[in-house]
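**Q** Residue numbers (the numbering used here): 270 to 652.
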Ligand SMILES: Cc1ncc(COP(=O)(O)O)c(C=O)c1O
């Protein structure tokens with residue numbers, strides 16, 4: 270089955286239990302399920318935290334888009350990361366993470382996971398030599414590619430290969446690329462993380478996360494803790510996410526087309542000093558991106574030739590492009606990472622990786638690109 274067909278049909282069959290011929294999965298709000306035998310759930314479900322028919326349909330659908338066997342849905346991207354870390358690591362273990370990560374993931378490692386005696390360090394995994402030395406206690410390599418907010422590209426096949434030689438788990442956050450543009454599991458990663466709040470949901474109206482894997486042992490461990498910790502996706506959010514996923518292919522094509530138009534405009538602007546986008550030939554990771562992605566997506570960041578007050582004037586003068594955190598919705602969103610999504614990362618760590626005050630992150634939506642360019646043009650005039 271091809272991508273768009275899977276996105277629409279996988280995990281769902283007409284009449285999923287309703288007896289009415291529904292062509293979409295109904296929202297199963299029931300928190301518990303009646304059974305005939307005290308020890309055997311008659312219909313396969315017992316309690317919604319443990320398993321729910323609407324969530325299961327989504328889990329199957331997203332797993333199929335990542336060419337995987339197993340999917341688990343959580344109440345947010347960070348809930349999926351937390352459950353995954355707690356399931357696969359224990360006190361004394363060590364994690365190597367990429368140094369350009371969503372600020373919330375860095376905070377999770379620094380303020381929560383490390384309290385359990387799990388140590389971590391951040392490295393620029395886009396550099397060839399970054400894994401020359403691997404500490405003995407290392408159990409996992411965790412990264413985003415493309416990364417947030419600098420759009421760095423990490424060679425999934427190469428890193429997974431090194432990880433396998435050292436018996437380490439490779440975990441890839443595939444939120445920016447989505448399975449439409451990239452399938453890390455096919456390149457050797459052991460598991461994929463998604464914040465489905467972003468492109469997968471696609472409409473900025475539902476929070477969620479996922480752990481996707483082909484590995485039964487990883488699945489069993491994370492599934493056990495999905496139920497034990499309980500940060501599961503609700504039936505209603507599962508429905509909204511499933512509704513979003515059905516148009517992922519058409520949205521991603523439009524997102525990318527608009528990103529390309531916006532970048533052509535920004536490249537001509539005298540106010541812009543640098544654009545970070547893996548589709549550009551002068552991007553450090555362009556060759557690896559071309560090898561491992563089927564497209565470059567619609568997330569980009571750029572640097573303005575101004576100070577922080579000029580950056581604030583720029584974002585404050587946009588009309589259609591909202592100044593807001595998050596990304597991946599149909600509407601374009603812009604932000605200043607150093608003041609917003611990445612503000613929680615200590616300044617010295619943030620600035621070392623390049624997340625400085627001149628950096629602007631843009632999630633290009635699927636409005637008409639002519640309106641987006643007009644909007645950007647006006648606001649750049651105010652810098
Ligand atoms: C790349 C990436 N991963 C994970 C997360 C966390 O997801 P959530 O906000 O759904 O918890 C985010 C949130 O912005 C993100 O951008």
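Quick reminder that beta carbons are idealized off the backbone N, C-alpha and C, glycines included. Here the structure is a predicted model, which means the values were calculated and not measured.
Which residues mark the beginning and the end of the alpha helix (DSSP H) in which residue 528 is found?
**A** Taken as a continuous stretch (DSSP letters only), the alpha helix (DSSP H) holding residue 528 covers 517 to 536.
**Q** Say yes only if the C-beta of residue 477 is nearer than 8 Å to one or more non-hydrogen atoms of ligand 1, and no if none qualify.
**A** Yes - ligand 1 has a heavy atom lying nearer than 8 Å to the Cβ of residue 477.
**Q** Excluding the 5 residues flanking residue 627 on each side, which residues of the same chain have their C-beta closer than 6 Å to its C-beta?
**A** 572, 573
**Q** Checking the sheet assignment: what are the DSSP bridge partners for residue 478?
**A** 343, 464
**Q** Quick one: what's residue 545 bridged to in DSSP?
**A** 570
**Q** With C-beta atoms as the reference, is residue 610 less than 9 Å away from residue 372?
**A** yes
**Q** Output needed for residue 341: all residues of its chain with C-beta closer than 7 Å, excluding positions within five of it in sequence on either side, in chain order.
**A** 328, 479, 480, 491, 492, 495
**Q** Confirm, please, whether the CB-CB distance from residue 562 to residue 440 is below 9 Å.
**A** no
**Q** When burial is assigned at 16 or more other CB atoms within 10 Å of the CB, is residue 309 buried or exposed?
**A** exposed
**Q** Thinking C-alpha only, which one of 649, 485, 603 is nearest residue 634?
**A** Cα-wise, what sits closest to residue 634 is 603.
**Q** Count the other CB atoms, across all protein chains shown, that sit within 10 Å of the CB of residue 316; report buried if there are 16 or more and exposed otherwise.
**A** It counts as exposed.
**Q** Along the chain, where does the alpha helix (DSSP H) containing residue 649 start, and where does it finish?
**A** 638 to 649
**Q** Residue 486: buried (16+ other C-beta within 10 angstroms of its C-beta) or exposed?
**A** exposed
**Q** Considering only the beta carbon of each residue, do residue 408 and residue 358 sit closer than 9 Å?
**A** yes
**Q** At the level of alpha carbons, what is the spacing between residue 304 and residue 314?
**A** 9 Å
**Q** State buried or exposed for residue 548, treating a residue as buried only when at least 16 other CB atoms are found within 10 Å of its CB.
**A** Residue environment: residue 548 is assigned as buried (16 or more neighbouring CB atoms within 10 Å of its CB, all protein chains considered).
**Q** Within the continuous beta strand (DSSP E) that includes residue 375, where are the two ends?
**A** Per DSSP, residue 375 belongs to no beta strand (DSSP E); it is in the alpha helix (DSSP H), 372 to 376.
**Q** Does DSSP classify residue 331 as helix, strand or coil?
**A** helix
**Q** For residue 389, which three-state DSSP category applies?
**A** Residue 389 falls in the strand class under three-state DSSP.
**Q** Among 618, 417, 599, 619, which one has its Cα closest to the Cα of residue 641?
**A** The shortest C-alpha separation from residue 641 is found at 599.
**Q** If you measure between the beta carbons of residue 394 and residue 385, is that distance less than 9 Å?
**A** no
**Q** Short check: CB of residue 346 to CB of residue 463, under 9 Å?
**A** yes
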